[in-house]
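Asker:
What follows is the structure, encoded as structure tokens:
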């Protein structure tokens, strides 16, 4: 009986993992992705003009440049942006952005 329950649990987890892998929002950032503000209701790609010097950090998600799918399905895709003292934009995290 216990073996049957364990097998059922394993099959259920495999089905869930297969569904998660097919979700484009969980995909890792790809070359050519843009960045959008994490707190934005409408996913509009960020530009350097959207980041004011001294305004603090901005959390962002990658977004497909073609399909407009925000890759916010994994916390590992979250990107931290901020301006340095010399006015240049810096990126930190594992995301890919194009400015």
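Residue numbers (our numbering): 1 to 99.
The beta-carbon is built from N, C-alpha and C at its ideal position, and this holds for glycine as well.
Quick check on residue 77: buried or exposed, where buried means 16 or more other Cβ atoms within 10 Å of its Cβ?
Answerer: Buried.
Asker: Please list the segments of the alpha helix (DSSP H) lying wholly inside the region 34–75, counting only runs of 4 or more residues, in order along the chain.
Answerer: Fully enclosed alpha helix (DSSP H) runs of 4 or longer: not present.
Asker: Report the rounded CA-to-CA distance for residue 43 versus residue 37, giving the unit in angstroms.
Answerer: 7 Å
Asker: For the putative contact between residue 65 and residue 46, defined by C-beta atoms under 8 Å, what is the C-beta separation to the nearest angstrom?
Answerer: Taking a contact as a CB-CB distance under 8 Å, the pair residue 65 and residue 46 does not count as one, their CB atoms being some 13 Å apart.
Asker: To the nearest angstrom, how far is it from the Cα of residue 82 to the Cα of residue 30?
Answerer: Taking the CA atoms as reference points, residue 82 sits about 21 Å from residue 30.
Asker: Could you round the C-beta distance between residue 25 and residue 73 to whole angstroms and report it? I think they count as a contact, below 8 Å.
Answerer: 3 Å
Asker: Return the CA-CA distance between residue 61 and residue 80, expressed in angstroms with no decimal places.
Answerer: 9 Å
Asker: Closest by CA to residue 59, which one among 70, 67, 39, 23?
Answerer: 39
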